[in-house]
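In the numbering used here, the protein residues as written are 2 to 276.
Below you can see the structure in the form of C-alpha cells.
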C-alpha cells in the first residue's frame with residue numbers, strides 16, 4: 002500500500018474532545034443520559050463500547066458481563082436483548098442499543114464505536130448503514146474485527162486500539178482507581194496483553210489495512226510518539242484523560258482528539274489555552 006502523506010499536528014483549538022462512555026463523570030456510563038450530557042456540553046465526539054446479546058443485537062456496554070454497570074449478573078452474550086433491557090444501568094437508565102445512541106449522535110458529534118465482542122463487526126456494519134448522516138469510526142483491540150468490518154464496509158475508518166507506550170502495570174493502577182476487583186483487573190490485563198498491542202505494531206497494522214488513525218492509551222505518550230503517528234499519516238486519538246493539565250500537554254503536542262470522562266472540564270481548558 003502506498004504510504005500516506007504525513008499529517009500535521011493539530012492546532013489546540015482544533016483538538017477534539019470526546020466523551021468517554023458519554024459524560025461518565027456525571028452520569029452512568031454508556032447510557033443515553035451520559036451521551037446526551039456530553040452533547041449538551043458541546044463535546045466534539047462520544048466514545049462507546051459495543052457488545053452483542055445472545056440474540057445478536059448490538060448493545061452499548063463496556064464489560065463482558067453486566068455485573069459492574071447494572072443491577073443484574075451474567076455475561077451479556079448469554080442474555081437476550083429483552084433481559085438486558087430489563088436491567089437498571091444506574092439512576093433508572095437502561096442499557097441502550099447501538100442504534101439508539103447513533104440516532105442520538107447523528108449530525109451532532111463524531112462517534113468512536115469501540116468493538117468489544119470479537120464477532121460484533123457484522124452487527125455494527127448493519128446498524129451504521131441505517132444512519133447515513135453519521136460521522137463515525139470503529140476502534141478495537143480486536144484487530145481481526147476491524148479487518149472484517151472493512152470487508153463489510155469498504156472505506157470505513159478504522160483505528161486499531163493500542164496500549165501505546167504503556168504496559169500492564171499501568172492497567173492495574175487504572176483498574177484499581179476505577180474500582181474493579183482484583184479478578185476483574187486480572188481479566189483486563191490478560192485481555193489487553195493479547196489485544197492491546199504496542200504502538201509500533203498498531204502502526205504496522207494500520208499501514209497494512211489502510212486505517213485512518215490509532216486509538217492509543219495516553220499513559221507515557223510523548224511529543225515524539227505523537228509525531229511518529231502523524232508521520233505515518235495517521236490520526237492520534239488518545240484515551241482516557243481526566244486531568245486538565247495532562248490534557249493541555251497533549252493538546253500542545255497536537256493530538257487529534259482526547260477522550261475523557263469529563264468533557265466539560267477539558268472543553269473549558271481547550272478554550273482557555275486557545276485564547
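Here a beta-carbon is modelled for each residue, glycine too, at the ideal position from N, C-alpha and C.
Other residues of its chain near residue i: CB distance less than 6 Å, five sequence neighbours each side excluded
{"i": "residue 261", "result": "21, 242, 243 and 267"}
{"i": "residue 11", "result": "255 and 257"}
{"i": "residue 165", "result": "200, 217, 218 and 222"}
Residue environment, residue i, which counts as buried when at least 16 other CB atoms sit within 10 Å
{"i": "residue 253", "result": "exposed"}
{"i": "residue 182", "result": "exposed"}
{"i": "residue 170", "result": "exposed"}
{"i": "residue 56", "result": "exposed"}
{"i": "residue 97", "result": "buried"}
{"i": "residue 70", "result": "buried"}
{"i": "residue 220", "result": "buried"}
Beta-carbon contacts of residue i that lie in its chain and below 8 Å, excluding the five residues immediately before and after
{"i": "residue 74", "result": "66, 67 and 68"}
{"i": "residue 49", "result": "22, 23, 31, 36, 61, 99, 102, 112, 113, 114 and 115"}
{"i": "residue 231", "result": "7, 8, 9, 10, 237 and 255"}
Check: residue i C-beta below 7 Å from any heavy atom of the ligand ADP
{"i": "residue 19", "result": "Among the components of this structure there are no ligands whatsoever, and the ligand ADP is therefore not found."}
Residue i at chain D interface by Cβ criterion, 8 Å
{"i": "residue 249", "result": "Looking for chain D here will not work: only one protein chain is present."}
Among the options, nearest to residue i - alpha-carbon criterion
{"i": "residue 42", "options": "270, 168, 276 and 264", "result": "264"}
{"i": "residue 45", "options": "275, 259 and 270", "result": "259"}
{"i": "residue 27", "options": "92, 163 and 202", "result": "92"}
{"i": "residue 204", "options": "179, 133, 85 and 144", "result": "144"}
{"i": "residue 110", "options": "132, 127 and 120", "result": "132"}
{"i": "residue 246", "options": "274, 227 and 225", "result": "274"}
Residue i versus residue j: straight-line alpha-carbon distance, rounded
{"i": "residue 39", "j": "residue 240", "result": "16 Å"}
{"i": "residue 72", "j": "residue 89", "result": "6 Å"}
{"i": "residue 272", "j": "residue 54", "result": "41 Å"}
{"i": "residue 229", "j": "residue 83", "result": "46 Å"}
{"i": "residue 19", "j": "residue 79", "result": "31 Å"}
{"i": "residue 178", "j": "residue 3", "result": "43 Å"}
{"i": "residue 153", "j": "residue 125", "result": "10 Å"}
{"i": "residue 85", "j": "residue 180", "result": "23 Å"}
{"i": "residue 187", "j": "residue 175", "result": "12 Å"}
Helix, strand or coil at residue i [DSSP, three-state]
{"i": "residue 47", "result": "strand"}
{"i": "residue 180", "result": "coil"}
{"i": "residue 138", "result": "strand"}
{"i": "residue 102", "result": "helix"}
{"i": "residue 129", "result": "helix"}
{"i": "residue 67", "result": "coil"}
{"i": "residue 16", "result": "coil"}
{"i": "residue 27", "result": "coil"}
{"i": "residue 114", "result": "strand"}
{"i": "residue 169", "result": "helix"}
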